[in-house]
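Numbering (the UniProt record's numbering), first residue to last: 367 to 646. Just so you know, even glycine gets a beta-carbon here, dropped at the ideal spot from N, CA and C. To keep things clear, I will list the structure first and then write my remarks on it.
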Amino acid sequence: AKESGKNSFCLFDSFMEAVVMERLAIESGLRQALVNNELALHYQPIINLADNQVTGFEALLRWNSKDLGSVPPLKFIPVAESTGMIIPIGEWVIRQACGFIKKLHEAGYADLKIAVNISVNQLVVGNVIENVKETLQEFQLEPWLLELEITESILMESSGTSLKQLDELATMGVSLALDDFGTGYSSLTYLRQLPICTLKLDKTFVDNLPQVNNTATRAIVEGIITMAHKLGLIVVAEGVETGEQLSYLYHHSCDFAQGYYISRPIPENEVNVWLINRKF
Ligand code: C2E
Ligand code: CA
Ligand code: CA
Ligand code: CA
């Protein structure tokens, strides 16, 4: 028994070593990613369920590393956050997204919004307000065209700094959305304090739709949509993968939807073709 205990400890050790090595590789690779031009934004369309029109896109970060190949955001974003690299990367994302809004204007699409994901660190440590203000000015954009997506973890940040920052961004006219709604631990009372205009219903709820026997999920989804509307908020459903889910959401007054059923995230240079070829 003692022997096997020792063995499994060794196994655990080498597993931990692999995890640490991968982290280190990501960390050192990420330091080069910006200068080596290895980052890109892909854009996932968001449609209005009432008329099927595209209302905008969510910008999703992609990293194609020279050494590591394509690394998924769920692997490198946490590393970028814990090392502080999310600050310069986040600034790059905002600049890139605003540049893209400008290009859309030049292509004749004047009212498509772009949503960008923001980490808590960018609010607490980074100078997100100045950054957004300067970038909007540089590209001469109306602020509502840029939407910032934040998660409920923002509320765990106790000092209240981020709440003040969010208020200031909202006052500037930038749109704010609460991402992954329903997965966090925050109390519903916080919802009234946040200067948001949009709730993004997490994919885990959408996944379980619209099975008739799944009364719990249906109750939660319908409850969230009703509550959001009573609070004057707009609801975007994420991760819509089937026509049944889309139709269910439409029939339950959800406002917008995004997901593979509509389109996967698209590389920037293919968005124009997607918009032109889109069938209604
Ligand atoms: P998120 O903000 O919740 O983004 C939605 C994720 O769901 C994206 O994964 C998207 O590609 C994926 N998705 C969309 N529709 C479907 C669907 O129908 N089915 C399935 N299975 N997945 C779908 P992605 O691109 O891997 O991004 C993962 C997370 O990484 C994002 O989750 C976001 O939290 C973070 N992230 C991505 N880009 C950025 C960024 O620029 N800055 C920051 N701070 N975080 C980012
Ligand atoms: Ca998001
Ligand atoms: Ca989300
Ligand atoms: Ca998510």
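Closest by CA to residue i, which one among the options?
i: Leu597; options: Ile628, Gly395, Glu588 and Ile562; result: Ile562
i: Val459; options: Leu400, Asp477, Gln503 and Gly450; result: Leu400
i: Pro631; options: Asn574, Arg428, Asp533 and Ile590; result: Arg428
i: Asp433; options: Thr592, Leu599, Gly605 and Glu393; result: Glu393
i: Gly605; options: Ile591, Lys569 and Gly456; result: Lys569
i: Val494; options: Glu634, Pro633 and Ile455; result: Ile455
Just the C-alpha distance for residue i and residue j, rounded to the nearest angstrom, thanks.
i: Glu513; j: Glu496; result: 16 Å
i: Tyr627; j: Leu565; result: 20 Å
i: Val420; j: Leu396; result: 33 Å
i: Val490; j: Thr537; result: 18 Å
i: Ala406; j: Leu554; result: 35 Å
i: Val639; j: Ile453; result: 32 Å
i: Ala476; j: Phe442; result: 33 Å
i: Ser380; j: Met387; result: 10 Å
i: Ile484; j: Glu515; result: 6 Å
i: Ala594; j: Asn402; result: 43 Å
i: Gly550; j: Ile413; result: 25 Å
i: Ser541; j: His471; result: 18 Å
i: Ile642; j: His618; result: 29 Å
i: Phe547; j: Glu518; result: 7 Å
i: Ile586; j: Gln398; result: 44 Å
i: Lys499; j: Leu560; result: 20 Å
i: Gly589; j: Asp417; result: 23 Å
i: Gly625; j: Glu383; result: 36 Å
Can you tell me whether DSSP reads residue i as helix, strand or coil?
i: Tyr616; result: helix
i: Tyr627; result: coil
i: Pro438; result: coil
i: Lys499; result: helix
i: Phe505; result: coil
i: Tyr475; result: coil
i: Pro411; result: strand
i: Pro576; result: coil
i: Thr555; result: coil
i: Gly422; result: strand
i: Ile460; result: helix
i: Ser431; result: strand
i: Glu607; result: coil
i: Ala416; result: coil
i: Ile632; result: strand
i: Thr564; result: strand
i: Phe403; result: Note on identity: in this sequence residue 403 is Asn, with Phe being the wrong assignment. Coil.
i: Val639; result: helix
i: Arg644; result: coil
i: Asn483; result: strand
i: Leu512; result: strand
i: Val540; result: coil
Excluding the 5 residues flanking residue i on each side, which residues of the same chain have their C-beta closer than 7 Å to its C-beta?
i: Gly435; result: none
i: Thr501; result: Ile460, Arg461 and Cys464
i: Ser528; result: Val486, Leu489, Val490 and Ile520
i: Ala582; result: none
i: Glu457; result: Asn497
i: Leu535; result: Ile495, Val498, Leu514 and Leu542
Assign residue i to one of two classes, buried (16 or more other C-beta atoms within 10 Å of its C-beta) or exposed (fewer than that).
i: Gly526; result: exposed
i: Val385; result: exposed
i: Gln531; result: buried
i: Gly539; result: exposed
i: Glu636; result: exposed
Quick one: residues in its chain with C-beta nearer than 8 Å to the C-beta of residue i, no 5 flanking neighbours on either side, listed in chain order?
i: residue 647; result: Residue 647 lies beyond the range of the chain shown here (367 to 646); nothing can be said about it.
i: Leu426; result: Leu407, His408, Tyr409, Gln410, Pro439, Asn483 and Pro631
i: Ala543; result: Ala481, Glu513, Leu514, Glu515, Ile516, Ile562, Cys563, Thr564, Leu565, Lys566 and Val602
i: Gly450; result: Asn487 and Val491
i: Arg389; result: Val445
i: Ile600; result: Cys563, Thr564, Leu565, Ala594, Asp621 and Phe622
Using a Cβ-Cβ cutoff of less than 6 Å, which residues in the same chain neighbour residue i once the five nearest sequence positions on both sides are dropped?
i: Ala603; result: Leu567, Val572, Leu615, Cys620 and Ala623
i: Lys479; result: Gly422, Leu511 and Glu513
i: Gln505; result: The identity of residue 505 in the sequence shown is Phe, whereas the question assumes Gln. Once the five neighbours on either side are set aside, the close Cβ partners of Phe505 are Cys464 and Lys468.
i: Asn430; result: Glu404 and Ser436
i: Tyr556; result: Leu521
i: Pro633; result: His408
Is residue i near ligand 6 - that is, is its Cβ less than 8 Å away from at least one heavy atom of it?
i: Lys499; result: As for ligand 6, it is missing from this structure, which binds only ligand 1, ligand 2, ligand 3 and ligand 4.
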